[in-house]
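Enquirer: If you read the sequence shown in the working numbering, its first letter stands for residue 1, the second for the next number, and so on.
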Amino acid sequence: MRNVCKQLSLTSFFFFIVFIGTPSAAADKNALINDLYHRSGLKMQLDWMQNNFADARALFGEEAQQADESTRKMMVLLDKSLKEKFSDQRVRGIVLDHLDRDLSQQQLEQILQIMDDPIWQRAWELEGRAYQPDGIAQMQQYIAQRLEAKPPRGTRVDLVNELIDVTDAVNLTLEMAIQGALMASRIMMEKLGKTEITEKQMEDAARRQMENYRGQYRDMLTAQMLYIYRYMSDSQLKAYIQLYSSPIMRKLNNTVTGALLAIMR
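(1) When we look at the beta-carbon of D97 and count the other beta-carbons within 10 Å, is it buried (16 or more) or exposed?
(2) With a CB to CB cut of under 7 Å and the five nearest residues on each side skipped, what residues in its chain are close to N254?
(3) Whose C-alpha, out of L42, R90 and L159, is nearest the C-alpha of E127?
(4) Mind checking whether the beta-carbon of R218 lies closer than 8 Å to any heavy atom of the ligand GDP?
(5) Could you round the C-beta distance between I114 and S246 to whole angstroms and report it? I think they count as a contact, below 8 Å.
(6) Can you name the start and end residues of the alpha helix (DSSP H) that A262 belongs to?
(7) By the three-class DSSP mapping on this structure, what secondary structure does T22 have?
(8) Buried or exposed: where does Q140 fall if 16 or more other Cβ atoms within 10 Å of its Cβ makes it buried?
(9) Taking 8 Å as the limit between beta carbons, can you name the residues of its chain near R207, skipping five residues before and five after?
(10) Just tell me which of R122, D88 and L77 has its CA closest to the CA of M232.
(11) Shortest alpha-carbon distance to N171 belongs to which of K73, N30, S40 and L261?
(12) With L133 as the anchor, note down where its alpha helix (DSSP H) starts and where it stops.
(13) Please check the pair L99 and I33, which I expect to be a contact at CB under 8 Å, by giving their CB distance rounded to whole angstroms.
(14) What residue range is occupied by the uninterrupted alpha helix (DSSP H) comprising L221?
(15) If I follow the unbroken alpha helix (DSSP H) through M115, where does it start and stop?
(16) For L221, which residues from the same chain have a beta carbon less than 6 Å from its beta carbon, with the 5 sequence-adjacent residues on both sides left out?
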């Protein structure tokens, strides 16, 4: 699940969730949504995303000190806007709003039941371990050294590619990159009042450019998943793919994707 969720962001501000029904039903659904928010790994992924943007802002700050005045002004404006866009309250609000809007109480219960499956729990554990700060460094080292020295079995690569397709990870990664570029461009156009190019022209150019990297993104995701799930057998990985392929988990995946892209817009 978190593989789909790894390069992450937000736009509209919806912190308060509107529940329909009796107060007790609303409270029950609220509890289920919060349970899903934590157990799906969404909270951890969003924290990871926000930390990455904090690191990027810190780098902007260092570079701004050495830039000319106009560039420094632009970077300060971008940093301020990104900080607002990725605030804890805003990010959490948008994600919870999407979960509440798209999923019924019965569907939430069904999803949480799937997440109780030992196979799902094992995958969740490995994903969480991989995206800890030291885990990311180990993953990079494993990909650079182990996979180069000892290529994986073809059947294993096929399984990983099946998981990539089920989660639509390549398309999501490309879309996140596109929306991230558009977000930065949009912020600067609004702050500096520059309108030489329309947003549609920017988006078309970004999509053309990013499409050239589709193969590289698939290779990157394949290598990452080979590392993350290396302690799961073929049969366990097949079972995980089967769980992920269920209609309700595909619906959850679409909901999460919509929330992540909303963060960027």
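We put the beta carbon where it would ideally sit given N, CA and C, even for glycine.
Expert: In short, the structure shows the following:
(1) buried
(2) none
(3) L42
(4) In the structure shown, the ligand GDP is absent, as is every other ligand, since no ligand is present at all.
(5) 7 Å
(6) P247 to M264
(7) Residue placement at T22 is flagged as unreliable, the pLDDT there being 36, under the threshold of 50; the coordinate-derived value follows with that caveat. In this structure, T22 counts as coil in the three-state DSSP scheme.
(8) exposed
(9) I178
(10) R122
(11) L261
(12) Residue identity check: residue 133 is Pro in the sequence provided, not Leu. Start and end: P133 to Q141.
(13) 5 Å
(14) R214 to I228
(15) Q105 to M115
(16) I164 and A169
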